[in-house]
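Protein sequence lines correspond, in order, to chains X and R.
For the first sequence, our numbering assigns the number 145 to the initial residue and increments by one for each residue that follows.
For the second sequence, our numbering assigns the number 145 to the initial residue and increments by one for each residue that follows.
Following: one structure in structure tokens, then a few remarks.
2 protein chains.
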Amino acid sequence: MKKFDLASADARSQKGQFAKRVSILEAAADVFCREGFSGASIDEIAVEAGVSRQTIYNHYREKETLFMAVIQDIMDRVNGVLFSILATFPERADNLEEDLAAFAVRLNKNCNCNQDAKFIQKLISTEGNRYPHLFQFWREQGPGKTDRALAALFARLAHVAPLDIDDFDLAARQFIALIKADLQMGGLFGETPSEAELEISARKAVRTFLRAYGRPAA
Amino acid sequence: MKKFDLASADARSQKGQFAKRVSILEAAADVFCREGFSGASIDEIAVEAGVSRQTIYNHYREKETLFMAVIQDIMDRVNGVLFSILATFPERADNLEEDLAAFAVRLNKNCNCNQDAKFIQKLISTEGNRYPHLFQFWREQGPGKTDRALAALFARLAHVAPLDIDDFDLAARQFIALIKADLQMGGLFGETPSEAELEISARKAVRTFLRAYGRPAA
DNA sequence: GACGATTTAGACAATGCTGTCTAATTTTAC
DNA sequence: GTAAAATTAGACAGCATTGTCTAAATCGTC
Chain X
145 MKKFDLASAD ARSQKGQFAK RVSILEAAAD VFCREGFSGA SIDEIAVEAG
195 VSRQTIYNHY REKETLFMAV IQDIMDRVNG VLFSILATFP ERADNLEEDL
245 AAFAVRLNKN CNCNQDAKFI QKLISTEGNR YPHLFQFWRE QGPGKTDRAL
295 AALFARLAHV APLDIDDFDL AARQFIALIK ADLQMGGLFG ETPSEAELEI
345 SARKAVRTFL RAYGRPAA
Chain R
145 MKKFDLASAD ARSQKGQFAK RVSILEAAAD VFCREGFSGA SIDEIAVEAG
195 VSRQTIYNHY REKETLFMAV IQDIMDRVNG VLFSILATFP ERADNLEEDL
245 AAFAVRLNKN CNCNQDAKFI QKLISTEGNR YPHLFQFWRE QGPGKTDRAL
295 AALFARLAHV APLDIDDFDL AARQFIALIK ADLQMGGLFG ETPSEAELEI
345 SARKAVRTFL RAYGRPAA
């Protein structure tokens, strides 16, 4: 309801075909995510985008083309955000626990509670088998890259901080697993945790992580 | 292809309507999981079950009834297995690391790599929004109960083992998160890890868990 | 071997969706 | 203001699906 009003307002108020492409992509993401590929109807997307059905067929030749465009679009955005977050990984050891917890909050907020991230996760899990190459692409660009990049960051951090890590890849995977521990269940559907919950959860995760990998040294 | 042969062989060889009900439920789970609710066609299910379409309509009045029956059926099985696994949680401290790792392997194998478990997870994520009460039910009976039960088991274990746990619920959630750390990605679609991979992964998880929560004592 | 219940194959109407087409209308650019 | 490009509403064929119905075939049981 609300989404529809906003989207159609967008399409009508803004000018040019670019605005319509955006509006269509947003509406399509919404409907595909809600109904799955086969459940989503072009008409529904058209209404939600505030656009005529023919316009959709003009921009994206067929349903499958539109679907691919949606995935590509969301994936690009998610990846952009992801790497901007990774760039904020702590480099000093002064406030290790606090810095790591803040980093964990950023990661969770932007890569798990994010609308885009939830979309991509659901779409991958729903339609991943139908489009193996798409799935493969996401896998390499998303979790694959994150884990490796995070491992490298931990390796760098270990030079200046009292960390006793022998397998950095493992530590990175476990770090991610720990900070997602509390959000796993709620994340499967709509629930979005509050800022406070995110912080508490991150702090607990980091505390456990440091108990496992931190050296008592100073 | 293979599934079809097996299922129809079942339906034809075995006797009575009970066998057909089972055959239909299995085929329906398969197709619903592969295609989603709207993508799945009754005809496809009928063929895969080796049964006529009318028979399905005789047993389950309509598509939605069948869908509910599938969920209910799988959920019952998964829950049964789950609690039988929980009953094997270690009670002694002799071989803590090995026992916990073996327990983790059992849990992962039966509750994550399991066909049923994968089905239920995908179906919940795909159709959870369409059937909120179903989703709620799964949430309470599944992860909700597991976490609490596991917390109680850790509490009991802490009496006899050198464990320094102050929040048992948290420890339980983190234990589960850690033992799933390596399987997260592959689990989203078809990949099933080998026995050896499961063991290595579990061992690493338990090792980290004990580094965080184990006392050097004993 | 026969009777009652179940199952089957197939036809069937109703519905909804995709993707195309057209003719009218609006927007954009100059 | 005008001409070209984009958008719209609507009709349309083709197709798949759901759920019903019927008459024949098969099965379980006595």
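By construction, the Cβ of each residue, glycine as well, lies at the ideal position given by its N, Cα and C atoms.
Note that this is a predicted model, so its numbers are computed, not measured.
{"Item": "Proximal residues, the stretch 299–316 of chain X versus chain R, C-beta separation under 7 Å", "Value": "Leu-314"}
{"Item": "Integer-rounded CB distance, given that Phe-181 (chain X) should sit under 8 Å from Phe-211 (chain X)", "Value": "6 Å"}
{"Item": "Cα-Cα separation, Val-222 (chain R) to Pro-306 (chain R)", "Value": "32 Å"}
{"Item": "Pairwise C-alpha distance: Arg-351 (chain R) and Asn-273 (chain X)", "Value": "34 Å"}
{"Item": "Three-state class that DSSP yields for Glu-192 (chain R) in the structure shown", "Value": "helix"}
{"Item": "Chain X contact residues for Met-329 (chain R), given Cβ-Cβ distances below 7 Å", "Value": "Arg-283 and Pro-287"}
{"Item": "CA-to-CA distance, Ile-200 (chain X) to Glu-206 (chain X), given in whole angstroms", "Value": "8 Å"}
{"Item": "Closest Cα partner of Phe-233 (chain X) within the set X:Asp-310, X:Thr-209 and X:Ala-293", "Value": "X:Ala-293"}
{"Item": "Interfacial residues, the stretch 345–361 of chain X to chain R, with Cβ spacing under 8 Å", "Value": "Lys-348, Ala-349, Thr-352, Phe-353, Arg-355, Ala-356 and Tyr-357"}
{"Item": "Of the residues R:Ile-323, R:Pro-337 and R:Glu-284, the one placed nearest Met-329 (chain X), counting alpha carbons only", "Value": "R:Glu-284"}
{"Item": "Chain-ordered chain X contacts of Ser-91 (chain R) [CB-CB under 8 Å]", "Value": "Nothing in the structure corresponds to residue 91 (chain R), since chain R is present only between 145 and 362."}
{"Item": "Burial state of Asp-308 (chain R), where buried means 16 or more other Cβ atoms lie within 10 Å", "Value": "exposed"}
{"Item": "Host alpha helix (DSSP H) of Cys-257 (chain X) (start-end)", "Value": "Premise fails: Cys-257 (chain X) is in no alpha helix (DSSP H) and is neither H nor E."}
{"Item": "8 Å Cβ cutoff, Asp-326 (chain R) in contact with chain X", "Value": "yes"}
{"Item": "Exposed unless 16 or more other CB atoms sit within 10 angstroms - verdict on Gln-216 (chain X)", "Value": "exposed"}
{"Item": "CB-CB length for Arg-317 (chain X) against Ala-356 (chain R), believed under 8 Å", "Value": "Not confirmed; about 15 Å, so no contact."}
{"Item": "Minimum C-alpha distance to Asp-326 (chain R) - residue among R:Arg-165, R:Asp-311, R:Leu-342 and R:Glu-188", "Value": "R:Leu-342"}
{"Item": "Spatial neighbours of Cys-257 (chain X) in its chain, beta-carbon cut-off 8 Å, leaving aside the 5 residues before and after", "Value": "Leu-327, Gly-331, Thr-336, Pro-337 and Leu-342"}
{"Item": "Where Gly-358 (chain X) sits in the DSSP three-state scheme", "Value": "strand"}
{"Item": "Cβ of Thr-336 (chain X) within 8 Å of any chain R Cβ", "Value": "no"}
{"Item": "Cβ neighbour criterion (16 or more within 10 Å) applied to Asp-243 (chain X)", "Value": "buried"}
{"Item": "Between the CA atoms of Ala-190 (chain X) and Asn-252 (chain R) - distance to the nearest angstrom", "Value": "43 Å"}
{"Item": "Residues sharing a beta bridge with Leu-240 (chain R), DSSP", "Value": "The partner list for Leu-240 (chain R) (beta bridge, DSSP) is empty, contrary to what the question assumes."}
{"Item": "Boundaries of the alpha helix (DSSP H) in which Thr-336 (chain X) is found, first to last residue", "Value": "Segment: none, Thr-336 (chain X) is in no alpha helix (DSSP H) and carries neither H nor E."}
{"Item": "Whole-Å CB distance - Val-225 (chain R) paired with Phe-176 (chain R), under 8 Å assumed", "Value": "With a Cβ gap of about 20 Å, Val-225 (chain R) and Phe-176 (chain R) do not count as contacting."}
{"Item": "Three-state secondary structure (DSSP) of Val-350 (chain R)", "Value": "helix"}
{"Item": "Residues of the stretch 260–284 of chain R whose Cβ lies closer than 7 Å to any Cβ of chain X, in chain order", "Value": "Lys-266, Ile-268, Ser-269, Thr-270, Gly-272, Asn-273, Phe-279 and Arg-283"}
{"Item": "Simplified DSSP state of Leu-327 (chain X), which is helix, strand or coil", "Value": "coil"}
{"Item": "Min CB distance Leu-240 (chain X) to chain R below 8 Å", "Value": "no"}
{"Item": "Cβ pair Arg-236 (chain R), Val-304 (chain R) closer than 8 Å", "Value": "yes"}
{"Item": "Within 8 Å, strictly: CB atoms of Arg-321 (chain X) and Leu-322 (chain R)", "Value": "It should be pointed out that residue 321 (chain X) corresponds to Ala in this sequence rather than to Arg. Against a cut-off of 8 Å, the Cβ pair of Leu-322 (chain R) and Ala-321 (chain X) comes out as a contact."}
{"Item": "Amino acids of chain R, ordered along the chain, whose beta-carbon sits closer than 8 Å to that of Pro-321 (chain X)", "Value": "Note that residue 321 (chain X) is Ala in the sequence shown here, rather than Pro. Under the 8 Å cutoff, chain R gives Ala-321, Leu-322, Lys-324, Ala-325 and Gln-328."}
{"Item": "Extent of the continuous alpha helix (DSSP H) to which Ser-185 (chain X) belongs", "Value": "Taken as a continuous stretch (DSSP letters only), Ser-185 (chain X) belongs to no alpha helix (DSSP H), as it is neither H nor E."}
{"Item": "Test item: CB-CB of Ser-345 (chain R) and Ser-269 (chain X) under 8 Å", "Value": "no"}
{"Item": "Asp-174 (chain X) versus Asp-174 (chain R) - alpha carbon distance", "Value": "26 Å"}
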